[in-house]
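The opening position of the sequence shown corresponds to residue 1 in the UniProt record's numbering, with each subsequent residue numbered one higher. For every residue, glycine included, the Cβ atom is placed at its ideal position computed from N, Cα and C.
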Amino acid sequence: MKISVILGHPYEKSLNAAIAETVRKILQENGYQVCFHDLYKEKFNPVISGQELVTDVPEDELTRLHQREIREADGIIIVHPNWWGQPPAMLKGWVDRVLREEVAYTFPEGDNGGGLPIGLLKAKAALVFNTSNTSKTREEESFGDPLQRLWRDCIFDFCGVHTFDRKMFRVVADSSEEERNGWLEEVKELVKQYFPAVQEQEE
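In structure tokens:
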């Protein structure tokens, strides 16, 4: 079984990088094939051209690879920081270029795109791990938790992935090493919950 893991953070020693590495390790231990991408390290181009926008044909092999893998994925895990209530531009560009029509979703015959989409992704579940320097109370009361709406409703539900969970770790700026290690343990448990050992599923 294949799981796509996407990291959207530019700093290799960040908590996000540690989360992504923890995710990859647990998945491999549980018998999954992991398709891991550090978008910044591999220099993914987040800018969609006008030609690509209207043709839905990727202009580079890396984007074609991402599209093939996301079609085949049995699960998807995204790791990124909360920047201005949004993913980093790099990751937003990945969504724009990879989750295209006829890759992640389609529309019924005769519908030019104004109706309800039909999700095409076969992934059974999607997880998102976020980090933030905004308190939970302020995030929810002042901003309405925009990342939850974005990933659950605007992206994964749209693309047919209805089993979704998300974990936010905060406040990172004031966190201790002990707290961060505790967060990584939470990551392990959530990944194991949604993606248990392959042999356990076969029994």
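>> Does the region 152–162 come into contact with the region 117–124, if we say contact requires no fewer than three beta-carbon pairs (one atom in each stretch) closer than 8 Å?
In response: yes
> Looking only at DSSP bridge pairs, what is Ile77 linked to?
Replying inline: Val5 and Leu127
>> I'd like to know if the region 62–79 and the region 14–31 are in contact, where contact means that at least 3 CB-CB pairs between them fall below 8 Å.
In response: yes
> Given Val191, which residues of its chain have a CB within under 6 Å of its CB, disregarding the five upstream and five downstream residues?
Replying inline: Val23 and Ile26
> On the three-state DSSP scale, how would you describe His162?
Replying inline: coil
>> Whole angstroms are fine: how far does the CA of Pro146 sit from the CA of Asn133?
In response: 15 Å
> So, helix, strand or coil for Asp38, using DSSP?
Replying inline: strand
> Leaving out five residues before and five after Asp38 in sequence, what residues of the same chain have Cβ atoms less than 6 Å from its Cβ?
Replying inline: Leu7
>> Counting C-beta neighbours from all protein chains within 10 Å, is the total for Arg64 16 or more, i.e. buried, or is it exposed?
In response: exposed
> Can you round the beta-carbon distance between Gly75 and Phe169 to whole angstroms, since I take them to be within the 8 Å contact cut?
Replying inline: 20 Å between Cβ atoms; not a contact.
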